[in-house]
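**Q** Please find one structure pasted underneath; my questions will follow.
There are 2 protein chains.
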Amino acid sequence: MQSSRSKPCSCPSLKLREVASMYFTMVAAFLVILVVALQGSAPRQSDFPYKVPLDPQGLLELSWNVSYPEQAVHFQLLIRELQFGLLFGMSDRGEFENADLAVLWSDGHNSYFGDAWSDAKGQLHMDSQQDYQLLGARRAPEGLYLLFRRAFSTCDPKDYLIEDGTVHLIYGILEKPVRSLQAINISALHGGLQRVQLLKPNISIPELPRDMKTMEITAPDVVIPSQETTYWCYMAELPEGFPKHHIIMYEPVVTAGNEALVHHMEVFQCAAQFDSFPRYNGPCDSKMKPDRLNYCRHVLAAWAMGAQAFYYPEEAGLAFGGPGSSRYLRLEIHYHNPLVFKGRRDSSGIRLYYTATLRPYDAGIMELGLVYTPVMAIPPGEDSFVLTGYCTDKCTQLALPAAGIRIFASQLHTHLAGRKVVTVLSRDGRERQVVNADGHYSPHFQEIRMLKEVVAVFPGDELITTCTYNTEDRSRATVGGFGILEEMCVNYVHYYPQTQLELCKSAVDPGYLHRYFNLVNRFNDEEICMCPQVSVPQQFYSIPWNTFNRDVLKSLYGFAPISMHCNKSSAVRFPGEWEKQPLPSITERLREPGPRCPPAPGPQPAAPAPLPLGQLRR
Amino acid sequence: MQSSRSKPCSCPSLKLREVASMYFTMVAAFLVILVVALQGSAPRQSDFPYKVPLDPQGLLELSWNVSYPEQAVHFQLLIRELQFGLLFGMSDRGEFENADLAVLWSDGHNSYFGDAWSDAKGQLHMDSQQDYQLLGARRAPEGLYLLFRRAFSTCDPKDYLIEDGTVHLIYGILEKPVRSLQAINISALHGGLQRVQLLKPNISIPELPRDMKTMEITAPDVVIPSQETTYWCYMAELPEGFPKHHIIMYEPVVTAGNEALVHHMEVFQCAAQFDSFPRYNGPCDSKMKPDRLNYCRHVLAAWAMGAQAFYYPEEAGLAFGGPGSSRYLRLEIHYHNPLVFKGRRDSSGIRLYYTATLRPYDAGIMELGLVYTPVMAIPPGEDSFVLTGYCTDKCTQLALPAAGIRIFASQLHTHLAGRKVVTVLSRDGRERQVVNADGHYSPHFQEIRMLKEVVAVFPGDELITTCTYNTEDRSRATVGGFGILEEMCVNYVHYYPQTQLELCKSAVDPGYLHRYFNLVNRFNDEEICMCPQVSVPQQFYSIPWNTFNRDVLKSLYGFAPISMHCNKSSAVRFPGEWEKQPLPSITERLREPGPRCPPAPGPQPAAPAPLPLGQLRR
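As given, the protein sequences belong to chains A and B, one line each in that order.
If you use UniProt numbering, the first sequence corresponds to residues 1 to 618, in order.
If you use UniProt numbering, the second sequence corresponds to residues 1 to 618, in order.
Now the structure itself:
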């Protein structure tokens, strides 16, 4: 009676001998394919639309494409000067421990490829499930091409889950032959990390108008300083009397050979309140830099390594030129030169594509998240402390048009302690949609990202921005503010049609924070400090931090009313009462999407199995 | 170049046509198997060692076995009076919404079997992955037998994960033909729930001695009251001068025909301080019950529906008889009679197996968790509030022998709000092992459970017991205490060799709780209550509950020092300072074991794939 039904697919119950024989069949099949591959033609550029150098010398070049139907990424890795192999992989924040790796290695005679992982001590192990699938390898004059594939999600706990947002890629070069994978000593490797957005959105490119013109904002003949980090500032200006145009696209212009050095670039428009700005072409932190350049902060375009051209949606463009806007632009280039090359010349920048035939809507940029104020603080020694900023229903009710706005791009922003940022749209107390999320956010990689789906926001909606910080290396509290060691939690959303609402942010009510300071002082038997002359940062710095004081601060931020900044410009609020506003209440959260595993071999297709019992009732 | 390598297993990329043809092949294979099954002999008892009636009439009878190598359960369901089908399945706490179901249904002509799930509204859907695998069906004189199999974990998000601890089984009977699965109206079904421990431990039975004797503690000729719930009390006594013996095993004795009514039974030994106890045979809540029976609380044996015989480990036995122990025993039987049968007679009880040849060790019972005190409280309206009780390193250091103790069984205990209980062993600040865990704990199903693995506890170890409560239906705080609407968090662990340590439990320091009351009063602008004449429960009842007061209470319990009860008997502490003890600090937590999915069809076996590149370096 207990005869077990034969399974439709024999995969999960393969006997060892079957596996062994299959394995050798596979290896044979494999060799044939490789030979085919070796004879194949060079890969077409369009097969791998995204490209990034991995190392500062550009010896390793990664190209890739994304297949959303297959839920997989195809990688093409060019190794210009192959020695005895390399490691390529992904990890939470670019560390070599707990990493998911594809490894090519040679014992001096033969070469091998495998899917491996490193443990918390950096020791390599072959993965029991091989999910980096080698598709081919090819020698070419420029080097060795490796072609492999990886599903976004493998459901193997040793594998990295490829998600939207930043991915920390790591690489390491094997300079000696190794007997086995386990013999590789990660700490002795020459290696590094590169941040990219792997899962680029699959967006159809809008039609471009015939009258489109281009303008290159490039720094003329810069000698890249021989130091690891340089922010370069260059002032450009539009022709006098330049009328209003729409920027409808922009793309990077990177001087050939400097692809691995130009880390990111931004074009800012200067404040219209000043009639003129001085010329400048030099480091942004130079004492020679005119102070007035600090008034050039309105983002027109931003690019970071690995990003492609940025297209505005076909209904909208970013206004520039015309009355009421400054004709001065500031180009900022971050040169990343860890090998301290000397004398490299560069003329990189951004090429703007613009049209005089204005599109139906001006695009706008709105700031969501937290107000820059010390009342929002992070205790020291925290590995993941969360702060949340709100754009409330009351503000969107007042400031957004009845037809709503469409958010099509987003740039997340924190200072150095930021680790994750997410903005969620909530309506009637129910979370509806993620606007933008980065679970591996890095303050060193702040791109403007096109959204995979345009998000419609209507009056009465709430936009909730949550940032996660790590302060494990700090010994005193980190307060909100402009300083590099203070923190921010901001999402600059790009949307249309433009409205008057420039800023929709919040902070905890200061009165409630005062009660918190009192409470903490009393609970901890400290002398009660009711002294209003002590600043909020000073009060935070003097707290004796322990889990109770930390947890109660969390509770306060999750409970106390907020002060809303619902502003037309950074100083002008919409009319209304914005102090001691209730926190938005969320009755239904978005579910974390579970990892999508490749379907397990099901015992039967999803159809009812008829039984030969006839009618059940007798 | 981008030619994709042929995969070793074609399962994940089956074309639709292949699936369809495979499906029909399967259905054919299926019919053959069913015919074989129909001709097969009756299933052997030993194939399905565990058995439980599902409904109070005993029309549905479930037998099962557990295969740990296969990580699967085989079910045999006997349906005595089949009408038009039935639902059988599992859900978090026995509800019919969000349930994982196997469904047998008839449209009046043909019968079907399928794996289905119900959504949050109770609507049925066919599951896209069929994980209840039908193995056979057989008509017999007593009814229809269905045989099916289910893996513990399927990694299908619509499937229930079968874990250790309580499983809430549900059933529903189809009394009319239905066109389709989707047409089944769950709310109109005749159905119910049954709690069982599905994953019984796979324990080898110790050899039993030749001089073993048995003693039946059974209630003589009870007429089961015609009401849903009865706790029946019966006093038994050991012969005068009965010397010390070891109980080495016990099993239930259930009167034939009453299998669905006898819910659970316990034998308690009375306190040795009284020379005699009155006889009694009646309801435990009767006014006629002598008060002295309340002194009969020391558990000798406990059984609940679905449990089997309980065996002590071969090195140990539970002492009874002899000087210093009472010869009076109290049998308590919980009759569950929801259909209010009248006049049913019952003589159920427990059969003790004991020996005069004492085993090397006496077994003992130790109480872990929280002290019964109102200082540990749960706010109202919480869906999962957590309280933790500690058995600290200081106490085990003092009270346990150097060779340690072995815990072999455990009985978890809370009152009505309890939803989960877990005890973890921690050593040097690192969690090492789960002693016992029930993520679907029900206060209505408190078995003594044999552990799958005996747990060794040494001096200096910590035992941390965590209980999760639901108070969504309550409007005031639930404080700790003995009352049925107060709460407990206890794990009675059964171990050997017996020590003097009877109780190793904790509660928050009352002084810190007092600071909490002050803090809450100040923060919420209430009049400050420093009045010591108000009791702790009264102070908890008067708190205006909100998320802040709730969260700060959580923070307090996670921070404040504890008062330890490290006791020889419930009133005698071991010598030492036990007030204001630090909370054990945990630096490393046990990882939640991820669900073990059937292995996905991997692209290749876990061995490096050699490449025909020869030596890499040129």
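C-beta: ideal position from N, C-alpha, C; glycine also.
Is the CB of PRO290/A under 9 Å away from at least one CB in chain B?
**A** It does not; no Cβ of chain B falls within 9 Å.
**Q** Helix, strand or coil for SER111/B, going by three-state DSSP, please let me know.
**A** The answer is strand: DSSP assigns SER111/B an E or B state.
**Q** Give the interface partners of ASP100/A over in chain B, defined as CB-CB distance under 8 Å, in chain order.
**A** Residues of chain B passing the Cβ test: none, with the nearest at roughly 14 Å.
**Q** Counting only beta-carbon atoms, is PHE88/B nearer than 9 Å to chain A?
**A** So no, PHE88/B is outside the interface.
**Q** Measuring CB atoms only, is the stretch 505-513 of chain B touching the stretch 559-566 of chain B, in the sense that at least three cross pairs come out at less than 8 Å?
**A** Because the criterion of three Cβ pairs below 8 Å is met, the stretch 505-513 of chain B and the stretch 559-566 of chain B touch.
**Q** Taking a contact to mean a Cβ-Cβ separation below 9 Å, would you say TYR312/B touches MET249/B in this structure?
**A** Yes, the pair counts as a contact, with Cβ atoms nearer than the cut-off.
**Q** Can you give me the Cβ contacts of LEU134/A inside the same chain, cut-off strictly under 6 Å, excluding the 5 residues immediately before and after it?
**A** If we look at LEU134/A and ignore the five residues flanking it on each side, its Cβ neighbours are PHE113 and PHE148.
**Q** Within 10 angstroms of its Cβ, does PRO338/B collect 16 or more other Cβ (buried), or is it exposed?
**A** PRO338/B should be labelled exposed.
**Q** Report buried or exposed for VAL520/B, applying the criterion of at least 16 other Cβ atoms within 10 angstroms of its Cβ.
**A** Per the 10 Å Cβ criterion, buried.
**Q** Along the alpha helix (DSSP H) that carries THR396/A, what are the first and last residues, could you check?
**A** It spans 393-399 - the alpha helix (DSSP H) in which THR396/A sits, taken as one unbroken run.
**Q** Could you compute how far the alpha carbon of ARG344/B sits from the alpha carbon of HIS336/B?
**A** Whole-angstrom Cα-Cα distance: 12 Å.
**Q** Is it right to say SER4/A is buried, meaning 16 or more other beta carbons lie within 10 angstroms of its own, or is it exposed?
**A** With a pLDDT of only 38 at SER4/A, under the threshold of 50, the placement of this residue in the model should not be trusted; the figure read from the coordinates follows. Label assigned to SER4/A: exposed.
**Q** Interface residues of chain A around LEU124/B at Cβ under 8 Å?
**A** Within 8 Å Cβ-Cβ: nothing; LEU124/B doesn't reach chain A, min ~12 Å.
**Q** Listing by chain order, which chain A residues have their CB less than 8 Å from the CB of SER67/B?
**A** The premise fails here: SER67/B is roughly 11 Å from chain A at the closest Cβ pair, so nothing lies under 8 Å.
**Q** Kindly say whether THR392/A, judged by its beta-carbon, lies nearer than 9 Å to any beta-carbon of chain B.
**A** It does not: the Cβ of THR392/A has no partner Cβ on chain B nearer than 9 Å.
**Q** Would you mind stating whether ASN491/B and ARG419/B have Cβ atoms separated by less than 9 Å?
**A** Not a contact, by the Cβ cut-off of 9 Å.
**Q** Quick one: give me the first and last residue of the alpha helix (DSSP H) that LYS51/A is part of.
**A** Looking at the DSSP string, LYS51/A is not in any alpha helix (DSSP H); the run it does join, the beta strand (DSSP E), is 50-53.
**Q** Can you give me the C-alpha to C-alpha distance between LEU208/B and LEU352/B, rounded to a whole angstrom?
**A** Going from the Cα of LEU208/B to the Cα of LEU352/B covers about 13 Å.
**Q** If we define contact as Cβ-Cβ less than 9 Å, is ARG449/B a contact residue for chain A?
**A** So, not an interface residue.
**Q** Using a Cβ-Cβ distance cut-off of 9 Å, determine whether LEU387/B contacts chain A.
**A** So no, LEU387/B is outside the interface.
**Q** Starting from TYR354/A, follow the beta strand (DSSP E) in both directions and report where the run begins and ends.
**A** That run of the beta strand (DSSP E) goes 349-355.
**Q** Mapping DSSP to helix, strand and coil, what is ARG359/B?
**A** Coil at ARG359/B, not helix or strand.
**Q** Taking any Cβ of chain A, which residues in the stretch 558-575 of chain B have a Cβ under 8 Å from it, in chain order?
**A** Per Cβ criterion, the list reads GLY558, PHE559 and ALA560.
**Q** So, with DSSP's three-state summary, where would you put ASP551/A?
**A** Reduced to three states, the DSSP call for ASP551/A is helix.
**Q** For TYR441/B, which option in PHE310/B, GLN269/B, HIS415/B and ALA102/B has the closest C-alpha, if you only look at C-alpha atoms?
**A** Looking at the Cα atoms, HIS415/B is the closest of the given residues.
**Q** From this set, HIS190/A, SER426/A, GLU163/A and PRO290/A, which residue's C-alpha is nearest LEU82/A's C-alpha?
**A** For the residues HIS190/A, SER426/A, GLU163/A and PRO290/A, the minimum Cα distance to LEU82/A belongs to HIS190/A.
**Q** Are VAL371/A and THR423/A close, meaning C-beta to C-beta below 9 Å?
**A** Against a cut-off of 9 Å, the Cβ pair of THR423/A and VAL371/A comes out as no contact.
**Q** Looking only at C-alpha atoms, which of MET90/A, LYS121/A and THR465/A sits nearest to PHE152/A?
**A** Cα-wise, what sits closest to PHE152/A is MET90/A.
**Q** Got a sec, what are the start and stop residues for the alpha helix (DSSP H) PRO537/B sits in?
**A** Per DSSP, PRO537/B belongs to the alpha helix (DSSP H) from 536-542.
**Q** Whose CA, out of ILE365/A, SER475/A, ASN549/A and VAL167/A, lies closest to the CA of ARG406/A?
**A** Selected option, being the one with the closest Cα: ILE365/A.
**Q** Which of the three DSSP states is assigned to ILE186/A in this structure?
**A** If DSSP states are grouped into helix, strand and coil, ILE186/A belongs with the helices.
**Q** Measure from the C-beta of LYS554/A to each C-beta in chain B and report whether the shortest distance is under 9 Å.
**A** Answer yes: the Cβ-Cβ gap between LYS554/A and chain B drops below 9 Å somewhere.
**Q** Candidates PRO360/B, TYR132/B, PRO201/B and GLU486/B: which alpha carbon is nearest GLY165/B's?
**A** Minimum Cα distance to GLY165/B is reached at PRO201/B.
**Q** Would you be able to state if there are at least three C-beta pairs under 8 Å between the stretch 67-79 of chain B and the stretch 313-327 of chain B?
**A** No contact exists between the stretch 313-327 of chain B and the stretch 67-79 of chain B.
**Q** Against residue 699/B, what residues of chain A qualify as contacts under a CB-to-CB distance less than 8 Å, listed in chain order?
**A** Nothing can be reported for residue 699/B, as the shown portion of chain B is limited to 1 through 618.
**Q** Residue 627/B and GLN269/B: beta carbons closer than 9 Å?
**A** In this structure chain B extends from 1 to 618, so residue 627/B is not present and cannot be described.
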